[in-house]
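J.: Numbering of the sequence shown is given in the working numbering, commencing with residue 8 and proceeding in unit increments.
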Amino acid sequence: MKPRKNPVKYEQINILNAVVDNISMDELVNDFDEGLLLTLHVDMLMKLQKDKEFYDILPEFDIITCDSQILYFATKFLGTPAKERVSGSDYFPKYYMKHKDNKDVTIFLCGGAPGIAEIAQENVNKKVGRDIIIGTYSPPFDFDNSQEEIDKVIDSINDSDATVLLVGLGGGRQEKFIVKYRDRFKHIKTFLPLGGTIDYEAATFKRPPAWITEGGLEWLYRLLKEPKQRWHRYIVHEPPALYYLLAQKLGFYKNPFSS
Numbered sequence: 008m009k010p011r012k013n014p015v016k017y018e019q020i021n022i023l024n025a026v027v028d029n030i031s032m033d034e035l036v037n038d039f040d041e042g043l044l045l046t047l048h049v050d051m052l053m054k055l056q057k058d059k060e061f062y063d064i065l066p067e068f069d070i071i072t073c074d075s076q077i078l079y080f081a082t083k084f085l086g087t088p089a090k091e092r093v094s095g096s097d098y099f100p101k102y103y104m105k106h107k108d109n110k111d112v113t114i115f116l117c118g119g120a121p122g123i124a125e126i127a128q129e130n131v132n133k134k135v136g137r138d139i140i141i142g143t144y145s146p147p148f149d150f151d152n153s154q155e156e157i158d159k160v161i162d163s164i165n166d167s168d169a170t171v172l173l174v175g176l177g178g179g180r181q182e183k184f185i186v187k188y189r190d191r192f193k194h195i196k197t198f199l200p201l202g203g204t205i206d207y208e209a210a211t212f213k214r215p216p217a218w219i220t221e222g223g224l225e226w227l228y229r230l231l232k233e234p235k236q237r238w239h240r241y242i243v244h245e246p247p248a249l250y251y252l253l254a255q256k257l258g259f260y261k262n263p264f265s266s
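1. Helix or strand or just coil, what does DSSP make of Gln-278?
2. Hey, out of Asn-130, Gly-178, Gln-128 and Glu-67, whose CA is closest to Lys-9's CA?
3. If you follow the alpha helix (DSSP H) that Phe-184 is part of, which residue opens it and which one closes it?
4. Candidates Glu-34, Ser-94, Pro-100 and Thr-143: which alpha carbon is nearest Asp-168's?
5. How big is the Cα-Cα spacing for Ser-133 and Pro-263?
6. Anyone know if the C-beta pair for Thr-82 and Ile-22 falls short of 9 Å?
7. Just list the residues that DSSP pairs Asp-28 with in beta bridges.
8. So, is Ala-217 buried or exposed, given that buried needs 16 or more other C-beta atoms within 10 angstroms?
9. Going by beta-carbon coordinates alone, are Met-32 and Tyr-103 separated by less than 9 Å?
10. Can you list, in chain order, the residues of its chain whose CB lies under 6 Å from that of Ser-96, leaving out five sequence neighbours each side?
11. Determine whether the beta carbon atoms of Ile-114 and Ile-77 lie at a separation below 9 Å.
12. If you run the structure through DSSP and keep just helix, strand and coil, what is Pro-200?
13. Which residue spans inside the stretch 116 to 178 form an unbroken beta strand (DSSP E) run of at least 3?
14. Compare the C-alpha of Arg-11 against each of Glu-34, Ile-70, Asp-38 and Leu-47 and name the closest.
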């Protein structure tokens with residue numbers, strides 16, 4: 008992976024062909040207010056083995072966190088333990104509560120099924136006590152294949168004057184969208200590609216009990232809740248990560264994109 012564009016503030020932990028910053032949740036909440044955040048989980052790590060476009064944009068992100076209990080266990084297995092799991096869905100509520108009285112922080116939600124982002128907006132604004140989320144947009148699934156739809160999304164975000172953009176389009180896709188079009192956003196200072204966070208804030212998908220997450224079993228919880236949507240990811244796509252991690256431990260993992 009190429010060096011980060013901006014200075015690295017934290018120790019970095021190598022995990023396959025990516026890195027995570029050895030950062031705690033409190034450090035992220037206190038230190039990160041502007042820039043690009045990436046919360047790395049197993050799905051993304053597997054995509055990074057095949058998707059060179061995704062791999063090439065990693066240096067654009069100011070902070071990369073360990074957003075997976077499985078990856079947290081993996082850092083221990085590799086002998087370079089992370090301080091803790093720092094997930095985007097846990098971070099976002101802390102972020103907006105930190106800025107609940109900061110009128111310079113306004114948020115736009117881009118993603119989710121039709122109507123879901125509006126529910127999340129109402130829920131968050133009620134918690135905060137002001138309209139911190141000032142705009143939402145649920146783009147068509149394949150919107151990024153149409154320049155007209157892309158322009159419509161960007162115009163909606165710019166017209167809102169929001170300073171923070173939360174994008175929930177799925178791992179890899181949301182990060183590419185942010186990096187590719189970041190220069191077209193007139194007011195956005197903070198970019199948060201946070202996957203299913205919009206659904207969590209809308210309470211349309213119930214989060215598992217803490218003991219399930221801390222035990223590294225959230226994947227099983229989600230699989231049982233949404234078998235049709237999740238089986239390929241958890242049964243086919245992600246398990247090879249265990250082989251790659253073992254290969255790294257034994258010293259024979261090879262970055263597929265190294266020259």
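Glycine included, each C-beta is placed from N, C-alpha and C at the ideal position.
T.: This is what the structure holds:
1. The structure shown does not extend to residue 278, since the chain is modelled only from 8 through 266, so no value can be given for it.
2. As a first step, residue 9 is located in the sequence shown; it is residue number 2 there, counting from the start. Lys-9 has its Cα closest to that of Glu-67, out of Asn-130, Gly-178, Gln-128 and Glu-67.
3. Against the sequence shown, residue 184 aligns to sequence position 177. Per DSSP, Phe-184 belongs to the alpha helix (DSSP H) from 180 to 188.
4. The residue given as residue 168 occupies position 161 in the sequence shown. Considering only alpha carbons, the answer is Thr-143.
5. Here residue 133 corresponds to residue number 126 of the sequence shown, with the count starting at 1. Here residue 263 corresponds to residue number 256 of the sequence shown, with the count starting at 1. Position check: residue 133 holds Lys in this sequence, whereas Ser was assumed. Taken atom to atom, the span from the alpha-carbon of Lys-133 to that of Pro-263 is near 47 Å.
6. Along the sequence shown, one-based indexing puts residue 82 at 75. Along the sequence shown, one-based indexing puts residue 22 at 15. It is a contact, given that the beta carbons lie within the stated cut-off.
7. Locating residue 28 in the sequence shown gives position 21, counting from the first residue. The partner list for Asp-28 (beta bridge, DSSP) reads Gln-19.
8. As a first step, residue 217 must be located in the sequence shown, where it is residue number 210. With fewer than 16 other Cβ atoms within 10 Å, it is exposed.
9. For the purposes of this step, residue 32 is taken as the residue at position 25 of the sequence shown. For the purposes of this step, residue 103 is taken as the residue at position 96 of the sequence shown. No, they are not a contact pair.
10. Counting from one through the sequence shown, the residue named residue 96 turns up at place 89. Excluding sequence neighbours, Ser-96 sits near Thr-204 and Tyr-207.
11. Counting from one through the sequence shown, the residue named residue 114 turns up at place 107. Counting from one through the sequence shown, the residue named residue 77 turns up at place 70. No. Outside cutoff.
12. Your numbering for residue 200 matches position 193 in the sequence shown. When DSSP states are grouped into helix, strand and coil, Pro-200 belongs to the strand group.
13. Positions of the beta strand (DSSP E) runs, each at least 3 residues long and wholly inside the stretch 116 to 178, are given as 140 to 144 and 171 to 175 in order along the chain.
14. The residue given as residue 11 occupies position 4 in the sequence shown. Ranking the options by Cα distance to Arg-11, first place goes to Ile-70.
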